[in-house]
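Residue numbers (our numbering), protein chains in the order written: chain F, 306 to 592; chain E, 203 to 626.
Have a look at the structure below, then the notes.
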Amino acid sequence: MAKRKFKIGSYLLVSPYVLFFLIFVAFPVFFSFYLTFHKWNVISPMKYSGLYNYEKMLHDHLFYKSLVNTLYFLLIHIPSQLIFSLGIAVILNTKIKFSSFFRAAFFLPVIVSGVVVTIMWQQLYGFNSGLINRLLTDIGLAKIGWLTTENMAMPSIAIMATWKNVGLYIVLFLVGLQTIPKYYYEVADLEGATDWQKFKYITLPAINPTIFMVVIFSTIGGFSLFIEPYVMTGGGPLNSSLSSVLYIYKQAFDFYHMGYAATLGFTFAILIMLVVVLQKRFLEKKY
Amino acid sequence: MVFIIFIFSACHIDQKPKNELTYWSSNNMQEINFTRYFVNKWNTNHTNNIKFQPIPEGQSSEEVLMAAVVGKTTPDIYANMWQGLVEMYAKSGVLVRLDTINGFVDFIKNRCGDNVLKEITSTDGHIYQIPWKINPIMSVYNKKEMTKIGFQTAPRTYDSFLKAGKKFSKDTNNDGYINQWIGNTSIKNIWYQRLFDFYALYLAASNGGHLIENNKPVFNNKYALEVLTFLQKLYKKQYFAKENNATGSDKFLAGQYATKWTGPWDISYTKKFKPKGFKFGYAPIPVPDSHQGPVFTYADPKNIVIFNTCKKPLKAWEFIKTLISEEGDLKLLSLTEQLPRRQNLEESTLFKDYIKTHPKILPFIKQSNYVYGTDNCELMIEVLSIISDEYEACVVYDKKTPKEALNAAEKAVNILLGNFKSIN
Numbered sequence: 306m307a308k309r310k311f312k313i314g315s316y317l318l319v320s321p322y323v324l325f326f327l328i329f330v331a332f333p334v335f336f337s338f339y340l341t342f343h344k345w346n347v348i349s350p351m352k353y354s355g356l357y358n359y360e361k362m363l364h365d366h367l368f369y370k371s372l373v374n375t376l377y378f379l380l381i382h383i384p385s386q387l388i389f390s391l392g393i394a395v396i397l398n399t400k401i402k403f404s405s406f407f408r409a410a411f412f413l414p415v416i417v418s419g420v421v422v423t424i425m426w427q428q429l430y431g432f433n434s435g436l437i438n439r440l441l442t443d444i445g446l447a448k449i450g451w452l453t454t455e456n457m458a459m460p461s462i463a464i465m466a467t468w469k470n471v472g473l474y475i476v477l478f479l480v481g482l483q484t485i486p487k488y489y490y491e492v493a494d495l496e497g498a499t500d501w502q503k504f505k506y507i508t509l510p511a512i513n514p515t516i517f518m519v520v521i522f523s524t525i526g527g528f529s530l531f532i533e534p535y536v537m538t539g540g541g542p543l544n545s546s547l548s549s550v551l552y553i554y555k556q557a558f559d560f561y562h563m564g565y566a567a568t569l570g571f572t573f574a575i576l577i578m579l580v581v582v583l584q585k586r587f588l589e590k591k592y
Numbered sequence: 203m204v205f206i207i208f209i210f211s212a213c214h215i216d217q218k219p220k221n222e223l224t225y226w227s228s229n230n231m232q233e234i235n236f237t238r239y240f241v242n243k244w245n246t247n248h249t250n251n252i253k254f255q256p257i258p259e260g261q262s263s264e265e266v267l268m269a270a271v272v273g274k275t276t277p278d279i280y281a282n283m284w285q286g287l288v289e290m291y292a293k294s295g296v297l298v299r300l301d302t303i304n305g306f307v308d309f310i311k312n313r314c315g316d317n318v319l320k321e322i323t324s325t326d327g328h329i330y331q332i333p334w335k336i337n338p339i340m341s342v343y344n345k346k347e348m349t350k351i352g353f354q355t356a357p358r359t360y361d362s363f364l365k366a367g368k369k370f371s372k373d374t375n376n377d378g379y380i381n382q383w384i385g386n387t388s389i390k391n392i393w394y395q396r397l398f399d400f401y402a403l404y405l406a407a408s409n410g411g412h413l414i415e416n417n418k419p420v421f422n423n424k425y426a427l428e429v430l431t432f433l434q435k436l437y438k439k440q441y442f443a444k445e446n447n448a449t450g451s452d453k454f455l456a457g458q459y460a461t462k463w464t465g466p467w468d469i470s471y472t473k474k475f476k477p478k479g480f481k482f483g484y485a486p487i488p489v490p491d492s493h494q495g496p497v498f499t500y501a502d503p504k505n506i507v508i509f510n511t512c513k514k515p516l517k518a519w520e521f522i523k524t525l526i527s528e529e530g531d532l533k534l535l536s537l538t539e540q541l542p543r544r545q546n547l548e549e550s551t552l553f554k555d556y557i558k559t560h561p562k563i564l565p566f567i568k569q570s571n572y573v574y575g576t577d578n579c580e581l582m583i584e585v586l587s588i589i590s591d592e593y594e595a596c597v598v599y600d601k602k603t604p605k606e607a608l609n610a611a612e613k614a615v616n617i618l619l620g621n622f623k624s625i626n
């Protein structure tokens with residue numbers, strides 16, 4: 306009897322989370338899946354449409370374009386995020402002056418609102434009056450249409466996103482770096498290892514779990530690219546910065562195609578899962 | 203247990219008194235003051251109280267309204283509904299059929315005229331919206347700069363606009379880049395931006411023509427072709443700046459743009475922020491050189507609707523009548539600088555004093571006789587979005603000829619409307 310009472314108590318203790326999970330996670334996921342087989346503009350009753358949304362998706366060139374754009378963004382964003390955050394973390398981990406100040410300074414963009422950062426960078430990127438182009442012309446270079454040319458819009462967004470998030474990954478790498486026992490390096494010094502050899506054979510393998518975490522976080526964060534193109538370019542020019550999430554948003558909240566947006570969302574979630582699984586397998590094999 | 207009690211207590215249903223009507227207005231201060239004035243006046247004289255609140259904050263008013271429809275928490279009355287959205291709400295059956303109210307049609311006919319009545323009639327032959335206010339799109343121009351290049355006002359035709367562009371657009375600091383332009387429009391590919399450039403110019407060129415008629419696209423015509431050709435030239439020759447408006451300071455006030463296309467909301471803004479000695483005026487937007495007749499423009503109409511959750515639609519209509527009475531319209535104009543959708547505004551003795559003391563509003567009042575809202579199409583946003591895609595490719599980036607852009611837009615809209623019909 307006492308055992309049974311204990312069980313009820315346990316259920317009661319976990320019930321807030323279970324309730325939260327059922328209402329805010331499980332129900333929306335199942336409802337979204339249900340929606341993929343329906344046509345619904347929110348205010349009219351739902352209509353069963355079979356596989357229409359999936360068929361539409363397969364013939365939708367903007368869906369493919371948005372996927373390619375997102376992958377292009379990731380291709381720039383993940384390596385640059387890794388290189389810059391690791392590089393800066395390694396420098397900050399040495400005994401440099403004002404290291405606390407620099408740590409705080411690099412972290413500052415992380416806590417600033419995404420919209421504020423985006424608007425600020427939009428000003429910097431302005432073709433005619435942007436500060437970056439002014440600097441370029443001051444040193445005799447040509448102006449660049451950062452947000453107004455097809456081939457530059459996505460890289461410009463990736464640069465901005467890297468600047469915004471690099472601080473978070475610097476902190477993660479710093480934590481990783483500080484857990485490496487100092488005697489590893491002392492032994493390497495005795496053996497006459499160069500700085501590069503120490504970095505390659507001690508630092509990198511030791512922070513492998515952090516690298517893995519940064520890659521996964523950057524991938525998932527990068528896949529959810531939305532605010533930056535929404536505010537800066539609206540997905541243009543010529544859909545060159547249309548990310549998958551922005552496209553899903555447009556279908557749902559500009560055109561009220563909730564069923565189609567749910568279909569895109571589901572497909573996209575499966576793709577993210579596949580990419581993350583592949584990354585996991587690759588990184589685990591490599592190190 | 204505490205959590206469960208908390209959940210249930212949070213689910214308390216806000217039951218309003220039986221005799222109360224809820225009213226959502228837009229959430230800008232001027233309209234809040236306008237609404238508060240009439241709600242207070244009504245509540246002191248009637249037992250059916252109006253409970254007023256600005257529309258709750260959200261990403262957009264449309265999203266908030268949709269959430270309210272789903273949750274069945276719509277207000278009884280909502281003011282500020284974009285005309286292009288009404289058809290979708292009407293087809294969904296969430297709005298009250300207003301033409302069934304005794305005296306409604308005559309009231310609207312008397313206030314707005316036959317053309318407006320026709321414009322707001324849904325494709326099912328009923329009326330679901332009360333035409334309320336408009337913000338006609340016109341050219342604002344920098345008087346000093348235009349005089350310098352030999353123009354007394356904003357150029358009225360495409361040819362003169364291009365000539366003005368040639369004279370005004372230049373590189374003044376010799377850095378190899380143009381830094382003053384005859385004007386600009388948003389280069390962002392967002393559907394509603396096209397209402398203020400392509401669509402306004404299309405209405406002007408076509409004397410108030412349609413985009414969609416009988417569920418078919420009808421915009422692939424000589425007027426749209428002329429508009430796209432004109433706009434494409436402006437960007438190609440760098441007479442318009444290829445930059446988003448959000449970057450940098452206000453280039454019109456800084457003298458870098460000689461004109462821009464805007465509505466009456468611009469009057470108080472320009473007065474407030476203009477530099478010393480800055481003189482400006484308003485003129486109709488440009489039309490093709492061969493254009494004859496009055497110059498139409500986009501009205502940017504915002505209307506009032508009654509949701510079918512309203513238990514007392516007749517009382518709601520009685521209250522709305524006070525908002526759109528002559529007194530209400532004058533109050534709207536004086537408090538918000540937005541024009542009531544009322545015919546013969548200029549001739550009405552009621553508005554004479556206001557116009558006399560606020561002469562900048564006069565061009566907009568004159569223009570209000572020649573405005574059009576949007577066609578009654580359930581998919582108007584998507585139609586505009588398709589046009590915006592083609593506009594961007596043709597006008598801003600010169601990737602398509604105007605004809606190619608129009609053909610592509612027509613084809614895409616045909617597919618859109620055809621698919622929509624077949625699945626419904």
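We put the CB at the ideal spot given by N, CA and C, even for glycine.
Coarse secondary structure for residue i, derived from DSSP in three states
| i | result |
| --- | --- |
| Trp284(E) | strand |
| Glu549(E) | coil |
| Leu516(E) | helix |
| Cys213(E) | With a pLDDT of only 45 at Cys213(E), under 50, the local geometry of the prediction cannot be trusted, and the value read off the model is given with reservation. Coil at Cys213(E), not helix or strand. |
| Lys605(E) | helix |
| Ser546(F) | coil |
| Leu363(F) | helix |
| Val420(E) | coil |
| Gln483(F) | helix |
| Ile487(E) | coil |
| Ser341(E) | strand |
| Gln494(E) | coil |
Contact with chain E by residue i, beta-carbon distance below 9 Å
| i | result |
| --- | --- |
| Ser549(F) | no |
| Tyr339(F) | no |
| Met459(F) | no |
| Gly541(F) | yes |
| Val330(F) | no |
| Gly570(F) | no |
| Phe560(F) | yes |
Length of the line joining the Cα atoms of residue i and residue j
| i | j | result |
| --- | --- | --- |
| Val536(F) | Asn446(E) | 11 Å |
| Ser337(F) | Lys352(F) | 14 Å |
| Ile383(F) | Glu496(F) | 34 Å |
| Met457(F) | Leu477(F) | 30 Å |
| Met518(F) | Lys402(F) | 29 Å |
| Leu440(F) | Gln428(F) | 14 Å |
| Phe596(F) | Val471(F) | It is not possible to answer for residue 596(F), since the shown part of chain F is limited to 306 through 592. |
| Gly483(E) | Pro357(E) | 12 Å |
| Tyr490(F) | His562(F) | 58 Å |
| Ile414(E) | Phe421(E) | 7 Å |
| Glu528(E) | Lys554(E) | 13 Å |
| Val480(F) | Gly419(F) | 25 Å |
| Gln434(E) | Pro604(E) | 8 Å |
| Val581(F) | Thr524(F) | 8 Å |
| Thr568(F) | Ile617(E) | 20 Å |
| Ile462(F) | Lys274(E) | 40 Å |
| Gln556(F) | Leu530(F) | 16 Å |
C-beta neighbour in chain F for residue i, strict 9 Å
| i | result |
| --- | --- |
| Glu264(E) | yes |
| Ala443(E) | yes |
| Tyr379(E) | yes |
| Leu581(E) | yes |
Fill in: Interface residues of the region 381 to 403 of chain E facing chain F [CB-CB below 8 Å]
Asn381, Ile389, Lys390, Asn391, Ile392, Trp393
Worksheet entry | Near-chain F residues of the region 583 to 602 of chain E (beta-carbon distance less than 9 Å), N- to C-terminal order | Ile583, Glu584, Ser587, Asp591, Glu594, Ala595, Val598, Tyr599, Lys601
Worksheet item: On the three-pair Cβ rule with 8 Å, is the region 388 to 401 of chain E touching the region 586 to 594 of chain E?
Response: yes
Practice prompt. Would you check if there are 3 or more beta carbon pairs closer than 8 Å linking the region 255 to 270 of chain E to the region 300 to 312 of chain E?
Written response: no
Fill in: Inter-stretch contact at 8 Å, needing at least 3 Cβ pairs: the region 536 to 555 of chain F / the region 597 to 604 of chain E
yes
Worksheet item: Listed in chain order, which residues of the region 261 to 295 of chain E have Cβ atoms closer than 9 Å to some Cβ of chain F?
Response: Gln261, Ser262, Glu264, Glu265, Leu267, Met268, Ala269, Val271, Val272, Met290, Tyr291, Lys293, Ser294, Gly295
Fill in: the region 372 to 379 of chain F touching the region 312 to 323 of chain E, judged by at least three CB pairs closer than 8 Å
no
Fill in: Cβ contact check for the region 455 to 471 of chain E and the region 559 to 576 of chain E: 3 or more pairs under 8 Å
yes
Worksheet entry | chain F contacts made by the region 414 to 432 of chain E, where a contact means CB separation under 9 Å | none
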